[in-house]
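Read the structure below first, then the notes.
Protein chains: 2
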Amino acid sequence: MAAPQEGEELIFVPLGGAGEIGMNLNLYGYGTEARRQFIMVDLGVMFGDDETPGIEVIMPDPSFIEERRHQLLAIVLTHAHEDHIGAVAHLWPRLRVPVYATPFTAALVRGKLAEQGLLDEVPLKIVPLGGELQLGPFSLEFIDITHSIPEPNCIAIRTPLGTVLHTGDWKIDPQPMIGRRTDVDALRRLGEEGVLAAICDSTNVFVPGRSGSEAEVASRLEAVIAMCKGRVAVTAFASNVARLQSIVRAGAKLGRHVALVGRSMHKITSAAIETGYLKDLPAFIDEVSAANLPPARVLYVCTGSQGEPRAALARIAAGEHSNVTLGPGDAVIFSSRVIPGNEKAIHTLQNDLSERGVEVISAEDHDVHVSGHPARDELADMYSWLRPRVAVPVHGERRHLAEHVRLAKSLQIPEALLAPNGSIVRLAPGAATIIDEAPHGRLMLDGTIVTERNDITLKQRRALSFAGHIAVTVVLDERGRVLLDPVVIAAGVPEDAVESAQDAAADAVDRLSGRRMEDDRLVIEEVRRAVRRAVQDTWGKRSVVQVEVARAG
Amino acid sequence: MAAPQEGEELIFVPLGGAGEIGMNLNLYGYGTEARRQFIMVDLGVMFGDDETPGIEVIMPDPSFIEERRHQLLAIVLTHAHEDHIGAVAHLWPRLRVPVYATPFTAALVRGKLAEQGLLDEVPLKIVPLGGELQLGPFSLEFIDITHSIPEPNCIAIRTPLGTVLHTGDWKIDPQPMIGRRTDVDALRRLGEEGVLAAICDSTNVFVPGRSGSEAEVASRLEAVIAMCKGRVAVTAFASNVARLQSIVRAGAKLGRHVALVGRSMHKITSAAIETGYLKDLPAFIDEVSAANLPPARVLYVCTGSQGEPRAALARIAAGEHSNVTLGPGDAVIFSSRVIPGNEKAIHTLQNDLSERGVEVISAEDHDVHVSGHPARDELADMYSWLRPRVAVPVHGERRHLAEHVRLAKSLQIPEALLAPNGSIVRLAPGAATIIDEAPHGRLMLDGTIVTERNDITLKQRRALSFAGHIAVTVVLDERGRVLLDPVVIAAGVPEDAVESAQDAAADAVDRLSGRRMEDDRLVIEEVRRAVRRAVQDTWGKRSVVQVEVARAG
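Chains as they are written, first to last, in my numbering: chain C, 3 to 555; chain Z, 3 to 555.
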């Protein structure tokens, strides 16, 4: 490793994931301010919710690095979860640099690039497990760790000013069931070598103890399935290939054939098989064959554990799935956590299943799930191995980062820094400090259009959902006289309120028509005000009211 | 008690609360089918969510009993929570019968009736604690129990065909801190007398053990507040008067003056003081005085524990509260549970507080809350005292009712019946059976208008929130010729899509204008289709498109 030069700095800039859960985007920069080079670690999405109606996917705003695109060397991906890779296919055209990932992650990214027609454009480079990579001043080493998906990696980033360990998402699973175990030796060795900074997962910083192992889940799932007499459907995150393998093995042991149900289940399984996982398992059967087997011989693995309305399980619960029917005597096992915000959707789904007579078994009453993120004792282990000078928590909401800073301090880490999205953190030389703020924010994928977070159309849609829309067209002739009654088109507004809007618009135009209506703005303002007031009086709400004046001739 | 006559039946009809959490409405009927008399127990609301944009309050549809209004004797209220009393002021005009409640509940109902201008119309009658009441064939006895609000009551309903115990919402709190303890003797005595049916709270049927006591919370809260050095704000449900009292006492002990912050905090406190609670407490101070005290002398009690955006705590977190400011060194204690569906709002609030440097302390990491509903051991106690012939679970989602039925069976209750909303259950004579279905559903308070659940305007608003609205007006002259370009007014639609809608509408009208446009429907359909297709092509989404044809002259 070369010695650092005068004026060189190592900086860290989170643009997503630090202060919110989801859509991770981390930048590391090295060099003098004038000649700085960057690598990006992860480029994920989060999903829209009721605050963002009609928005499927939310991405970090990459404009800070987009403006410095010629300084960006590569995008490096830690693992294949959506919140780490989901924005690659959408934002790569703005960045146009090579993308590095281990084989399983690369297989899933490849699928996404193909969907966007980018497969031939993006240089997608495969890094072997435990591999190394030189990118400008950054020497990268991929270190095996465990999580809830195959091939999670910590990335050690060595620079002339010191080594950073970017943990990615992780846990310490002593028996991950698939893939390699955590390379504790490598982490210890790194600690002995000296770690400048640990940039670490905060998701479960409020959870005491340890996250537990996939091996425990495997045996509990087998025990629970063994007690079921009818059809069994297990719903789990499709990306948890170890869990899928455990379910298939339990099925084999209990004489049940396994059918995968749901698109992403097939997609992930293909990627897993393609990259050498899920070997030595009995073959899956298809949904149609499964339907013809005796109930006690069937085991479905379904998407839809979060209550997603279009996923397999929701369609099964609604009795609308073409090939899968569940009823009295059958059971659904939720081998998954409840992602905050999805509680109602999941409970609705469970109620629907219950209404069909299906028994619902969940992590609420049976231990059929473990988290993929480190609880406090695991965080303590990691810090004891690395002994970094600085802890910079990422991958958490504000309250998680704050708690993680407290935890790191209690573990005697000399510096612990709360650096939310947009912080430009100088990690070295000197004490870690936030030296500036980078533009940051959210981009929304609205249909096929990428928009800003505060896009006016999204705000309008929220207002529409509350009180509807009233569009009024006033038609005048060439001399500014009223040609016909104002045309009122309303949506989401009760009939009574629409009628009073019509009356109010007509009255307002009548009042105005004494004068020659030369100024459109005057007409618009007058009609708008009258309609809003009438709707408010009738309905007690303020609709979005828009008025246009059209002139004939 | 008179002996039952030939053909008389005792029926139970839940119209709300059985199969969902919230908006409870229970009917008990007695008599022959031709001459049946009813009482209603509770008449509550639930609150709208992202599935019901713009809807503040959702109520059970009372049409089944509205049609039999002359057979309804009274509305009897168990306690003052919104999900038990919130619909009285909205639906009473459809029912027009006396309303019975204990003093504290009556005080809160009175406030609601006053807001609706119904105070002089509604016969609101006060039942003393432990009081009795004869309503036609029903002999009612109010039995003290504990919950998370003053004056919760079980209601024993004696009829010639047997006694029903309607539990209302309850727990067994050995030290409720306010009001009376559970009258276990009365419940045991009832069991000895013989209970036909227990109609029982299912909220926490998945929770093992016991709910715990307000007394434990009081001492834990005091310990947590004692550790705080700056200003402390505790947020709790305003209706939990015992909790409020514990907070005030802790403040007094620790030298802190208490200010109430938030409208419902004042409302409930007034009702409590008016009905004899909260005596022997130091006086509250107002927000302005509190702001002038040293931080270590201040204790706020705030509304807003659920992240409600307009409540006191959200305004404090946003730095927008006129009198209350919190910052570094201060702490907010969430002495409340997370109501499912509010997770994201609460976490956002906690993140905002954390961002101001305020320490957030919650039931997640400190035991500063207990539930007001019975966990499994308490349910077992209740069944052991009552030993009813039949268990009919209410106050729960479908999955709760199903689990409660399983629990009751495991406790050797001879009959346990899952009777969702709308079930007409014959409790006696004979085995409890669902004999018919009553119309049931939800009414929505949309602004000031009460609408049906499947109201079209609400559906439209959901569609608008997803993909916006495009209103197109086509103006023709008296001969059916185009008078001007179609006027397009759009809301919630990106500019590009609006432009393509305009072009598509103009093109469609051009194509049509060769023919004489005599049929409005043809024009509407043609323009609508063209606009929808254009928007879909540009934006990938299907807006709500409405077209009107107006004819001049």
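We put the beta carbon where it would ideally sit given N, CA and C, even for glycine.
Contact between ARG212/Z and GLU380/Z holds: CB atoms are separated by about 6 Å, below the 8 Å threshold. Counting C-beta pairs with one atom in each stretch, the region 41-60 of chain C and the region 78-95 of chain C have three or more that are closer than 8 Å, which means they touch. Apart from sequence neighbours up to five positions away, the residues of its chain that approach ALA314/Z with a beta-carbon distance below 6 Å are VAL263, GLY264, CYS304, THR305 and GLY306, ordered along the chain. Taking 3 residues as the minimum length, the beta strand (DSSP E) runs contained wholly in the region 192-266 of chain C are 199-203, 234-237 and 259-263, in order along the chain.
The beta-carbon of ILE60/C is placed no less than 8 Å from the nearest beta-carbon of chain Z. Apart from sequence neighbours up to five positions away, the residues of its chain that approach ALA316/C with a beta-carbon distance below 7 Å are GLY306, GLY309, GLU310 and LEU351, ordered along the chain.
The three-state secondary structure of VAL59/C, taken from DSSP, is strand. Within the region 356-384 of chain C, contact with chain Z at the beta-carbon level (separation under 8 Å) is assigned to SER356, GLU357, VAL362, GLU366 and ASP367. The C-beta of SER467/C has 16 or more other C-beta atoms within 10 Å across all chains shown, which makes the residue buried.
Collapsing the DSSP output to three states places LYS114/Z in a helix. Of all C-beta pairs linking the region 409-425 of chain C to the region 136-153 of chain C, fewer than three are shorter than 8 Å, placing the two stretches out of contact.
What ILE491/Z touches in chain C, judged by beta-carbon distance under 9 Å, is HIS471, ALA473, VAL474, THR475, ILE491, GLN548, VAL549 and GLU550, going in chain order.
In this structure, the alpha-carbon of VAL396/C lies about 10 Å from that of VAL407/C.
According to the DSSP secondary-structure assignment, HIS471/Z is paired through a beta bridge with ALA493/Z and VAL546/Z.
For SER412/Z, the enclosing alpha helix (DSSP H) has its first and last residue at 400-412.
Put simply, the CB of PRO342/C is near chain Z, with a gap under 8 Å to one of its CB atoms. Non-local beta-carbon contacts of LYS127/C in its own chain, meaning distances under 6 Å to residues more than five positions away in sequence, involve PRO100 and TYR102 in chain order. Taken through DSSP and simplified to helix, strand or coil, ALA76/C comes out as strand. Distances from the alpha-carbon of VAL326/C to those of GLU357/C, VAL290/C, ILE335/C and HIS349/C put VAL290/C closest.
The three-state reading of DSSP puts THR459/Z in helix, counting H, G and I together. Contact annotation: THR169/Z and GLY398/Z have beta-carbon atoms that are not nearer than 8 Å. Looking at the DSSP output, ASN28/C bridges to PRO16/C and VAL43/C.
Each residue's CA atom was taken as its position, placing ASP512/C and VAL489/C some 14 Å apart. Burial check for GLN504/C: the Cβ neighbour count within 10 Å reaches 16 or more, so the residue is buried. When the five nearest sequence neighbours on each side are left out, the beta carbons in the same chain lying within less than 6 Å of the beta carbon of GLY232/C are those of PRO297, GLY331 and ASP332, in order along the chain. With distances taken between CA atoms, LEU198/Z lies nearest to ARG391/Z out of GLU357/Z, GLU528/Z, LEU478/Z and ARG391/Z. The beta carbon of PRO176/Z sits closer than 6 Å to those of SER215, all from its chain and outside the five residues before and after it, given in chain order.
For a cut-off of 8 Å, the C-beta gap from VAL484/C to ASP522/C is around 13 Å, too long to register as a contact. With the rule of 3 Cβ pairs closer than 8 Å, the region 540-551 of chain C counts as touching the region 470-484 of chain C. Taken atom to atom, the span from the alpha-carbon of MET384/Z to that of PRO16/Z is near 21 Å.
Take THR107/Z, set aside five residues on each side of it, and the residues of its chain with a beta-carbon closer than 7 Å to its own are LEU79, HIS81, ALA82, ILE87 and GLU153, in chain order. For LYS346/Z, the nearest CB of chain C lies under 8 Å from its own CB, placing it at the interface with that chain.
Per DSSP, the continuous beta strand (DSSP E) segment holding LEU301/Z begins and ends at 300-304. In this structure, the straight-line span from the alpha carbon of MET229/Z to that of GLU134/C is close to 49 Å. In terms of CA proximity to ILE426/Z, GLY18/Z leads the group GLY18/Z, GLU8/Z, PRO6/Z and PHE140/Z. Under the DSSP assignment, LEU93/Z falls in the alpha helix (DSSP H) whose first and last residues are 90-97.
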